[in-house]
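The structure appears right after this line, and notes come after that.
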Amino acid sequence: VGIITPTLIMGSALGLQSEVPYLISMALFVSGLGTFVQARRFGPVGSGLLCLQGTSFSFISVILSAGFMVKARGGGTDEILSTIFGVCFFAAFIEVVLSQFIGKLRMLITPVVTGTIITLMGLSLIKVAMTDIAGGFAAADLGAANHLALAALVLGTIVVLNRVDVPFLRLGAIVIGLTLGYAVAWLMGDVNFASLPDLPLMSVPVPFKYGFSFDWVAFVPVAVIFLVSPLEAAGDLTANSMISRQPVKGPVYIRRIKSGLLADGLNSAMAAVFNSMPMVTFAQNNGVIQLTGVASRYVAFFIAGLLVVLGLFPMIGAVLQLMPKPVLGGAELVMFGTVAVAGIKILAEAGLHRRNMLIVAISIGMGLGVAAVPQVLRELPMALHNIFESPITVGALCAIVLNIFLPEEFIELEEDDFDPEASILQVMENPPVPDAAAGRNR
Numbered sequence: 060v061g062i063i064t065p066t067l068i069m070g071s072a073l074g075l076q077s078e079v080p081y082l083i084s085m086a087l088f089v090s091g092l093g094t095f096v097q098a099r100r101f102g103p104v105g106s107g108l109l110c111l112q113g114t115s116f117s118f119i120s121v122i123l124s125a126g127f128m129v130k131a132r133g134g135g136t137d138e139i140l141s142t143i144f145g146v147c148f149f150a151a152f153i154e155v156v157l158s159q160f161i162g163k164l165r166m167l168i169t170p171v172v173t174g175t176i177i178t179l180m181g182l183s184l185i186k187v188a189m190t191d192i193a194g195g196f197a198a199a200d201l202g203a204a205n206h207l208a209l210a211a212l213v214l215g216t217i218v219v220l221n222r223v224d225v226p227f228l229r230l231g232a233i234v235i236g237l238t239l240g241y242a243v244a245w246l247m248g249d250v251n252f253a254s255l256p257d258l259p260l261m262s263v264p265v266p267f268k269y270g271f272s273f274d275w276v277a278f279v280p281v282a283v284i285f286l287v288s289p290l291e292a293a294g295d296l297t298a299n300s301m302i303s304r305q306p307v308k309g310p311v312y313i314r315r316i317k318s319g320l321l322a323d324g325l326n327s328a329m330a331a332v333f334n335s336m337p338m339v340t341f342a343q344n345n346g347v348i349q350l351t352g353v354a355s356r357y358v359a360f361f362i363a364g365l366l367v368v369l370g371l372f373p374m375i376g377a378v379l380q381l382m383p384k385p386v387l388g389g390a391e392l393v394m395f396g397t398v399a400v401a402g403i404k405i406l407a408e409a410g411l412h413r414r415n416m417l418i419v420a421i422s423i424g425m426g427l428g429v430a431a432v433p434q435v436l437r438e439l440p441m442a443l444h445n446i447f448e449s450p451i452t453v454g455a456l457c458a459i460v461l462n463i464f465l466p467e468e469f470i471e472l473e474e475d476d477f478d479p480e481a482s483i484l485q486v487m488e489n490p491p492v493p494d495a496a497a498g499r500n501r
C-alpha cells in the first residue's frame with residue numbers, strides 16, 4: 060500500500076488516469092530494484108540490511124505543486140510527467156552528495172527544522188485527503204452521503220484494528236481497511252470492472268518514457284525535501300541496525316549509514332529514470348522485523364524479486380486505479396495526519412522552549428498562510444511566485460534561516476514559563492519527607 064498509494068494520489072490529483080496503471084507498475088518494479096540494491100550492497104552502495112524501499116509520501120505535496128504548475132501553463136500529460144521525473148532525477152543527487160556529509164548536515168538541518176518541514180508536509184496534504192473523502196476533485200456529487208459513509212467505514216476499520224492486541228492486525232490495519240472499503244464499494248455498485256482498460260499482459264520498463272524536462276521553479280521545493288530526507292533515512296537505518304543486532308556506533312555503523320543513504324539517493328535517481336517517484340527506506344519495515352524476528356537480507360532478495368515481477372503486470376495497477384476516491388481518502392486522512400504528528404513528535408523531542416517556538420510558529424504560519432491565501436504572492440515576479448506558492452518551500456526556508464540567525468539560548472525556568480498547577484501536581488505526587496528530628500523538636 061505504501062508503495063502504490065503516492066502514485067494513486069498523484070495520478071488522481073493531476074488527472075493522469077490513463078497513465079496510472081503503468082506508473083503503479085513502475086513504482087513496484089523500482090521498489091524491487093531498490094530493495095535489492097540496499098540488501099545486496101554493491102561496493103559503497105547499500106546498507107546490507109533488510110530495508111524495503113518504496114515511494115515516499117514526503118514528496119507528494121511538492122510533486123503535486125510541480126504538476127499543477129505545468130498544467131496551469133497548458134502542459135499535457137507527457138510534459139507534466141517529464142518535468143516531474145526530470146526534476147526528481149537531478150534533485151536525487153543532492154542526497155547522493157549529502158550522504159557523505161550526514162554529520163555536517165545535522166548541524167544545519169536541526170530537529171526543529173526537520174520537525175517543522177514534516178509537520179507542514181502532513182498538514183498541507185490534509186486538503187487532498189478531505190477532497191477524496193468527499194468524492195474527488197471532479198466529482199459531480201461532491202460530499203454525497205455514500206462517499207462519506209465509505210470513507211467512515213475505512214477510517215473506522217483502521218482505528219479499531221489499531222487498538223486490538225493482535226500485532227499482525229495492527230500492522231495490516233490500512234491494507235484491511237482499504238480492502239474492506241473496496242469490497243463494500245463494489246457491492247454498492249461504485250466499482251465497475253467492465254471499465255478496465257485494454258492493457259498488454261506485461262509492461263516493459265522504458266527509461267524516461269514521457270521525455271525529459273527540467274524546471275528550476277519546480278526543482279526548488281523538491282530539493283528542499285531531499286535536504287531533509289537523508290536525516291529521516293539515517294534514523295530509519297539506525298533503528299533497523301539496532302533491531303537487527305548490528306552496531307549503532309563506531310566506524311562500521313557510520314559506513315553502513317553512509318552506504319544506505321547513498322543507495323537511497325541513487326535509487327531515487329533510478330526511480331526517475333524508470334518513471335516513478337523518489338525512493339526512501341520504509342520505517343514500517345522496522346516494525347515488521349521486530350515483530351517477526353526475521354532480519355535476514357535473503358528475505359529482502361525474495362521481496363525484491365516479488366515486487367519486480369508484480370511490476371511487470373499493468374493489470375494490477377488498473378484494478379487498484381478503480382478504487383473509489385472515498386475509500387482511498389479514508390486511509391489518506393490517517394496517513395497524512397500521521398505524517399503531521401510525526402513532525403510534532405520531533406518538535407516535542409527537540410524541546411519547545413522560547414527560541415524553538417518562535418521558529419516553529421513563524422515557519423508553519425508562513426507556510427500555511429501562503430497555502431490558504433495564495434493571492435498574497437500576486438505582485439511577485441512569476442518565477443518567485445511559482446517557487447513560493449509551495450507551503451513546504453516557504454516554511455522550510457523560514458525555519459532554516461531563523462535557525463541559523465536566532466542565537467541559541469540557555470534554557471532555564473523563567474517567570475513566564477512557570478506553571479503553578481504543574482508545580483502543585485508535582486508536590487502532591489511527590490510530597491516532601493518530614494524531617495524526623497524537626498518533628499521531635501516541636
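The working numbering numbers the first residue of the sequence shown as 60 and each following residue consecutively.
Heads up, the beta-carbon is just placed ideally off N, CA and C, and yes, glycines get one too.
Please read all numbers here as calculations on a predicted model, not as lab measurements.
Let's test the definition: count the other Cβ atoms within 10 Å of the Cβ of residue 357 and tell me whether it reaches 16, buried, or not, exposed.
In the sequence shown, counting from the first residue as 1, residue 357 sits at position 298. Exposed: under 16 other Cβ atoms inside 10 Å.
### Query
Going by other Cβ atoms of all chains shown within 10 Å of its Cβ, with 16 needed for buried, is residue 83 buried or exposed?
For the purposes of this step, residue 83 is identified with residue 24 of the sequence shown, where counting begins at 1. Buried.
(Q) Quick check on the DSSP output: what are the complete alpha helix (DSSP H) runs of length 4 or more inside the segment 286 to 356, in order along the chain? (A) 310 to 332 and 343 to 351
Just checking, does the segment 416 to 429 make contact with the segment 252 to 267 on the three C-beta pairs under 8 Å criterion?
no
Q) Between which two residues does the alpha helix (DSSP H) containing residue 66 stretch? A) Working through the sequence shown from its first residue, we reach residue 66 at position 7. Per DSSP, residue 66 belongs to the alpha helix (DSSP H) from 64 to 72.
Own chain partners of residue 282 with C-beta closer than 7 Å, once the 5 adjacent residues on each side are dropped = Here the question's residue 282 lines up with position 223 in the sequence shown. Same-chain partners within the cutoff: 150 and 153.
What are the complete alpha helix (DSSP H) segments, minimum 4 residues, inside the segment 190 to 231? 204 to 221 and 226 to 230
Exercise for review: Give the single residue among 120, 137 and 111 whose Cα lies nearest to the Cα of residue 75.
Suggested key: On the sequence shown, residue 75 is found 16 positions in, with the first residue counted as 1. For the residues 120, 137 and 111, the minimum Cα distance to residue 75 belongs to 137.
| Would DSSP call residue 263 helix, strand or coil? | By 1-based counting over the sequence shown, the position of residue 263 is 204. Correct three-state label for residue 263: coil.
| task | Under the assumption that residue 125 contacts residue 110 (Cβ atoms under 8 Å), give the Cβ distance between them as a whole number of angstroms. | result | Numbered from 1 along the sequence shown, position 66 holds the residue referred to as residue 125. Numbered from 1 along the sequence shown, position 51 holds the residue referred to as residue 110. The Cβ separation is near 27 Å, so there is no contact.
Practice item. Out of 227, 419, 321 and 332, point me to the one whose CA is closest to residue 100's CA. Key: Counted from its first residue, the sequence shown places residue 100 at position 41. Looking at the Cα atoms, 321 is the closest of the given residues.
Practice problem: Tell me whether residue 113 sits in a helix, a strand or coil according to DSSP, three-state version. | Solution: The sequence position of residue 113 within the sequence shown is 54, counting from 1. Note: residue 113 maps to strand in three-state DSSP.
Give me the residue from 410, 219, 381 and 62 with the minimum Cα distance to residue 253. On the sequence shown, position 194 is the one that residue 253 refers to. Taking only the C-alpha atoms, the option nearest residue 253 is 381.
*Nearest-angstrom Cα distance between residue 119 and residue 68?*
Position 60 of the sequence shown, counting from 1, holds the residue named residue 119. Position 9 of the sequence shown, counting from 1, holds the residue named residue 68. Rounded to the nearest angstrom, the two C-alpha atoms are 8 Å apart.
- The alpha helix (DSSP H) spanning residue 268 covers which residue range? Position 209 of the sequence shown, counting from 1, holds the residue named residue 268. Looking at the DSSP string, residue 268 is not in any alpha helix (DSSP H), and its letter there is neither H nor E.
Check your understanding: Exposed or buried, which one is residue 224 when buried takes at least 16 other CB atoms within 10 Å?
Key -> The count along the sequence shown starts at 1 and reaches residue 224 at position 165. Exposed, because fewer than 16 other Cβ atoms sit within 10 Å of the Cβ of residue 224.
- Evaluate contact between the segment 297 to 313 and the segment 324 to 336, counting only Cβ atoms and requiring at least three cross-stretch pairs below 8 Å. no
- Item | Per-residue burial, residue 317 [other beta carbons within 10 Å of its own, 16 or more giving buried] | As a first step, residue 317 is located in the sequence shown; it is residue number 258 there, counting from the start. Buried, by the Cβ-count rule.
| task | Classify residue 443 as buried or exposed, calling it buried when 16 or more other Cβ atoms lie within 10 Å of its own Cβ. | result | Walking along the sequence shown from the start, residue 443 turns up at place 384. Answer is exposed; the Cβ neighbour count stays below 16.
Alpha-carbon to alpha-carbon, residue 330 and residue 114: Taking the sequence shown and counting its residues from 1, the one referred to as residue 114 is at position 55. Taking the sequence shown and counting its residues from 1, the one referred to as residue 330 is at position 271. Distance between the alpha carbons of residue 114 and residue 330: 9 Å.
Does the segment 176 to 195 come within contact of the segment 439 to 455, defined as at least 3 CB pairs closer than 8 Å? yes
Going by DSSP, name the residue or residues bridged to residue 101. Indexing the sequence shown from 1 puts residue 101 at position 42. BP columns for residue 101 point to 104.
Beta-carbon spacing of residue 91, residue 363 below 7 Å | What you label residue 91 is simply residue 32 of the sequence shown in a count that begins at 1. What you label residue 363 is simply residue 304 of the sequence shown in a count that begins at 1. It is a contact, given that the beta carbons lie within the stated cut-off.
| What do you reckon, are the CB atoms on residue 377 and residue 258 nearer than 7 Å? | Translated into the one-based positions of the sequence shown, residue 377 becomes position 318. Translated into the one-based positions of the sequence shown, residue 258 becomes position 199. Their beta carbons are under 7 Å apart, which means residue 377 touches residue 258 by this criterion.
* Under the rule that 16 or more other beta-carbon atoms within 10 Å means buried, what is residue 175, buried or exposed? -> Start at 1 with the first residue of the sequence shown, and residue 175 comes out as number 116. Looking at its Cβ environment, which holds 16 or more other Cβ atoms inside 10 Å, residue 175 is buried.
**Prompt:** Are residue 65 and residue 127 touching if we call contact CB-CB under 7 Å?
**Reply:** In the sequence shown, residue 65 corresponds to position 6, counting from 1. In the sequence shown, residue 127 corresponds to position 68, counting from 1. No.
Is the beta carbon of residue 148 closer than 7 Å to that of residue 367? Taking the first residue of the sequence shown as position 1, residue 367 is located at position 308. Taking the first residue of the sequence shown as position 1, residue 148 is located at position 89. Contact: no.
*Measuring alpha carbon to alpha carbon, tell me which of 403, 162 and 341 ends up nearest residue 94.*
Counting from 1 along the sequence shown, the entry for residue 94 is found at position 35. Selected option, being the one with the closest Cα: 341.
In three-state terms, what does DSSP make of residue 504?
In the structure displayed, the chain extends from 60 to 501; residue 504 sits before or after that span and is not available.
task: State buried or exposed for residue 306, treating a residue as buried only when at least 16 other CB atoms are found within 10 Å of its CB.
output: Here residue 306 corresponds to residue number 247 of the sequence shown, with the count starting at 1. Answer is exposed; the Cβ neighbour count stays below 16.
From the DSSP output, in three-state form, read off residue 80 for me. Locating residue 80 in the sequence shown gives position 21, counting from the first residue. Looking at residue 80 - three-state DSSP - the assignment turns out to be helix.
### Reduced DSSP secondary structure (H/G/I, E/B, other) of residue 441
The residue given as residue 441 occupies position 382 in the sequence shown. It is helical.
Check: Is the distance from the Cβ of residue 335 to the Cβ of residue 85 below 7 Å?
Finding: As a working note, residue 335 is residue 276 in the sequence shown. As a working note, residue 85 is residue 26 in the sequence shown. Taking 7 Å as the Cβ cut-off, residue 335 and residue 85 qualify as a contacting pair.
I need the DSSP call for residue 372, collapsed to helix, strand or coil. To locate residue 372, count along the sequence shown from 1; it is residue 313. Here residue 372 sits in coil by DSSP.
Exercise. Taking the C-alpha atoms as reference points, what is the distance between residue 78 and residue 361?
Worked result: Here the question's residue 78 lines up with position 19 in the sequence shown. Here the question's residue 361 lines up with position 302 in the sequence shown. Cα-Cα distance, rounded: 28 Å.
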